[in-house]
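Enquirer:
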Amino acid sequence: MNRKVIREDLDSRIFDAVNKVLLVCFMVIILVPLWNVIISSLSSGRALAEGGFIFWSKEFSLENYRAVFNDSTIGQSFVVSVAKTFIGVITHVFFCAMIGYGLSKRYIRGRKLYVAMGVITMFFSGGMIPTYLLIKSLGLLNTFWVYIIPALFSYYDVVILMNFFRNVPDSLEESAKIDGAGDWHIFLKIFIPLSMPAMATIALFNGVGQWNDFMTTKLYITDQALYPLQMKLYEIIVQSQTQSMQNIGGSVVIETTTKGVQLATIVITTLPIVAMYPILQRYFISGMMLGAVKE
Amino acid sequence: MNKTSASVASASIPPAIPPSAKKPMGQRIKEFVTDYKRQWEIQSMVLPGIIFMIIFCYIPIYGLTIAFKNYTVIDTLSTAPWVGLDNFRIILSDEYFWDAVINTLGISFLKLGIGFIIPIILAIMIYELNMGRFKKFVQTISYLPHFLSWIVLGGMLITWFSTSGLFNELLLNLGLISKPSNILLDAGKYWWIATLSDIWKEAGWGTILYLAIMAKIDPTYYEAARIDGAGRLRQIWNITLPNMKAIISLNLILTVSGLLGSNLDQTLVLMNSQNREKAEVINSYVYRMGMTQGDFSYATAVGLGVSIVSVILLLMANKVTSKLNDNQSVL
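Respectively, the protein sequence lines represent chains G and Y. First residue of the first sequence: 1, per the working numbering; consecutive thereafter. First residue of the second sequence: 1001, per the working numbering; consecutive thereafter.
(1) Cβ of G249 (chain G) less than 8 Å from any chain Y Cβ?
(2) If the cut is a Cβ gap below 7 Å, which residues of chain Y does S40 (chain G) touch?
(3) Is there contact between the region 87-102 of chain G and the region 190-203 of chain G, where contact requires at least three CB pairs shorter than 8 Å?
(4) In its own chain, which residues sit with a C-beta less than 8 Å from the C-beta of N1238 (chain Y), not counting the 5 before and 5 after it?
(5) At a CB-CB cut-off below 8 Å, which residues of chain Y make contact with A176 (chain G)?
(6) In chain Y, what lies closer than 7 Å to F165 (chain G) by C-beta?
(7) Excluding five sequence neighbours on each side, which residues of the same chain lie with their C-beta closer than 6 Å to the C-beta of Y220 (chain G)?
(8) Could one say the Cβ of Y277 (chain G) lies closer than 8 Å to chain Y's Cβ atoms, at least one of them?
(9) Which residue's Cα is closest to the Cα of F1161 (chain Y): Y:Q1139, Y:S1181, Y:A1317, Y:Y1190?
(10) Should G180 (chain G) be labelled buried (16 or more other beta-carbon atoms within 10 Å of its own) or exposed?
(11) Quick check on I1050 (chain Y) - is its C-beta less than 8 Å from some C-beta in chain G?
(12) What is the residue span of the alpha helix (DSSP H) that Q1274 (chain Y) lies within?
(13) Kindly list, in the order they appear in chain G, the residues whose Cβ is closer than 9 Å to that of V1083 (chain Y).
(14) When the Cα of L271 (chain G) is compared with those of Y:T1292, Y:S1257, Y:L1148, Y:M1125, which residue comes out closest?
(15) Residues of chain G with CB under 7 Å from Y1036 (chain Y), in chain order?
(16) Determine, for T258 (chain G), whether the minimum Cβ-Cβ distance to residues of chain Y falls below 8 Å.
(17) Quick one: residues in its chain with C-beta nearer than 6 Å to the C-beta of Q1274 (chain Y), no 5 flanking neighbours on either side, listed in chain order?
(18) Under a Cβ-count criterion, where at least 16 other Cβ atoms within 10 Å of its own Cβ denotes burial, should V159 (chain G) be classed as buried or exposed?
(19) Of the residues that make up the region 48-68 of chain G, which ones have a beta carbon closer than 8 Å to any beta carbon in chain Y?
(20) Beta-carbon within less than 6 Å of T258 (chain G)'s beta-carbon, same chain only, minus the 5 sequence neighbours each way: which residues are those?
(21) What is the DSSP secondary structure of W1082 (chain Y), reduced to helix, strand or coil?
(22) Under a three-way DSSP split, which group does S1322 (chain Y) fall into?
(23) Using DSSP bridges, identify the partner residues of S43 (chain G).
(24) Here's the rule: buried if 16 or more other CB atoms are within 10 angstroms of the residue's CB, otherwise exposed. What is L1324 (chain Y)?
(25) If you draw a straight line from the C-alpha of V1033 (chain Y) to the C-alpha of I120 (chain G), how long is it?
(26) Do Y1285 (chain Y) and A1067 (chain Y) come within 8 Å of each other at the CB atom, strictly closer than that value?
(27) Can you find the residues in the same chain that come closer than 8 Å, C-beta to C-beta, to F284 (chain G), ignoring five residues on each side of it along the sequence?
(28) Looking at chain Y, is there any beta carbon in it that lies within less than 8 Å of the beta carbon of P193 (chain G)?
(29) With H, G and I counted as helix, E and B as strand and the rest as coil, what does DSSP make of K105 (chain G)?
(30) Does chain Y have any CB closer than 8 Å to the CB of T270 (chain G)?
(31) Would you mind stating whether G88 (chain G) and M162 (chain G) have Cβ atoms separated by less than 8 Å?
(32) To the nearest angstrom, report how far apart E1169 (chain Y) and S1257 (chain Y) are at their CA atoms.
(33) Apply the 10 Å Cβ neighbour rule to R109 (chain G) and answer buried if 16 or more other Cβ atoms are within range, or exposed otherwise.
(34) Taking buried to mean at least 16 other C-beta atoms within 10 Å of its own C-beta, is S1108 (chain Y) buried or exposed?
(35) Taking buried to mean at least 16 other C-beta atoms within 10 Å of its own C-beta, is Y107 (chain G) buried or exposed?
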């Protein structure tokens, strides 16, 4: 009896040890490449050309960042990225909350039709070309509003908010109605303040999406002044790739300076998300759970 | 009780019609209009959403008709001539399209085969950790790559795989290769690059839902199993996995229905002139035919075909998994 318990205990300890070793390997696979990008971006062009380092750069230098900040278009792209993320998130969350509030009332006339229309949009869409033609005929091509208006609505987010609003006790609404408050008043003054956790979750997901979005620009924007950071980075990457392919074995110096700029831009593009990460993390787990709840 | 009072109330105007029976059309419309007017304030909140859906979702769905037309730049949607199934006939004999199909399926099946199981294993491994601090650390780090955009990750991959980059450096140091080479220019390896980079980015994120489900498993199951002498692996097999069956099926359905829609961002940033033949997927083909070559009708036809197949796959996967789950549909 006793021997059996000890043997089990040993098995269990071996299991724990193997488990931990494997997870540490997993952490290394994620962290080493990321770390390598950061220290490479802080290396001189010469060190980058020679290569030969993994954990620590041979020649520390800020020249890549200087080159990036000297390029005024990068600053402009940063402003576009911040503006589209900020305005996009606020309008998206408000728009979805408004519709979600309306649909959370079971007595609303036409509710079945509205919900059916919404569910269909989750499974079918016109796809790339018909959407492009629509955006074109609405005159949204090459305007800032193409980042905001088509991104206003997502039925998925409406459902999450709708479910959240349902959990608010009915008595709150009834007593406000007795005091003479209208639906808009109740929505703005009672439901929005009570639903901040759900709205924050959606805001954060949507914010990451807006910040990382690049297809909208690729499809609808040709005006360089409206390029966000992601598109700017894409251009730098594509440029350096075609360049390095044209002169394979040729001038290595050109390749590595673009490589340095590329690395610095990668770090700058990612920095805001990483800075937000500790705040994000608190919300996104509950957000995933909210999303998993079905109506 | 409630039922009788309701029928009494309605009986006062049209006598003896039970509430379930159909009222005349005119009266129903009239009732709807009066109710709508009475609810105008709450209706004014939903109305913008309905207008949005009609414009941005349903007009493009109607726009799919150009797949059956010959749309050129001078046409509008209504003036373009109908050509029936011509566009689809051309697709079937287009070898570039079939290349894209093969690449899409190849990459998707690799992602499905490897990428689907890894988050499950990883979630179980994290769940089995009993040190709070380390557990938290592992979770925090494993979610991080999900927040990088494909453009950023593409840029990173290009640097890592460059001849003086991390990947070659590691292999040289380990003595696995003698000469550095850029594997992004090697078409034969592209499927693996696409698959493994996707797993690197999303595996950790994929564990969240599984971990949330596992947190709800009753710990007394494990205690009982321990008393019966079950080892850790046995406990995972007989308690943890059965408890995750429903969520695993749901994920499987969603993954299978997305088989034909591989990642456009990833392809656009990692594809180059050297690996194109193995990197072109259906989405990037639609993009190239439609947006760069302006063949709107043809590109729409490809997109429509893919959507139809995807919906069929979704329904089939739902049927199969509901059989596995005692005939209960998880959708």
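Idealized CB from N, CA, C, for every residue including glycine.
Expert: According to the structure data:
(1) Note that G249 (chain G) scores a pLDDT of 46, beneath 50, so its modelled location is shaky; the value from the coordinates is reported in the next line. Not an interface residue.
(2) Residues of chain Y passing the Cβ test: T1159.
(3) By the Cβ criterion, the region 87-102 of chain G is in contact with the region 190-203 of chain G, since at least three pairs of Cβ atoms, one from each stretch, lie closer than 8 Å.
(4) Cβ within range, chain order: A1225, A1230.
(5) Within chain Y, no residue comes near A176 (chain G); the closest Cβ sits about 13 Å away, beyond 8 Å.
(6) None at all; the shortest Cβ gap to chain Y is about 11 Å.
(7) I135, L141, V146
(8) When Cβ-Cβ separations below 8 Å define contact, Y277 (chain G) makes contact with chain Y.
(9) Y:S1181
(10) That one is exposed.
(11) yes
(12) Segment: none, Q1274 (chain Y) is in no alpha helix (DSSP H) and carries neither H nor E.
(13) The contacting residues do not exist; V1083 (chain Y) stays about 16 Å from chain G at best.
(14) Selected option, being the one with the closest Cα: Y:L1148.
(15) Correct list: R109.
(16) no
(17) L1185
(18) It counts as buried.
(19) L48, A49, E50, G51, G52, F53, I54
(20) S240
(21) strand
(22) It is helical.
(23) G:F60
(24) That one is exposed.
(25) 25 Å
(26) no
(27) T201, L204, F205
(28) no
(29) coil
(30) yes
(31) no
(32) 39 Å
(33) buried
(34) buried
(35) exposed
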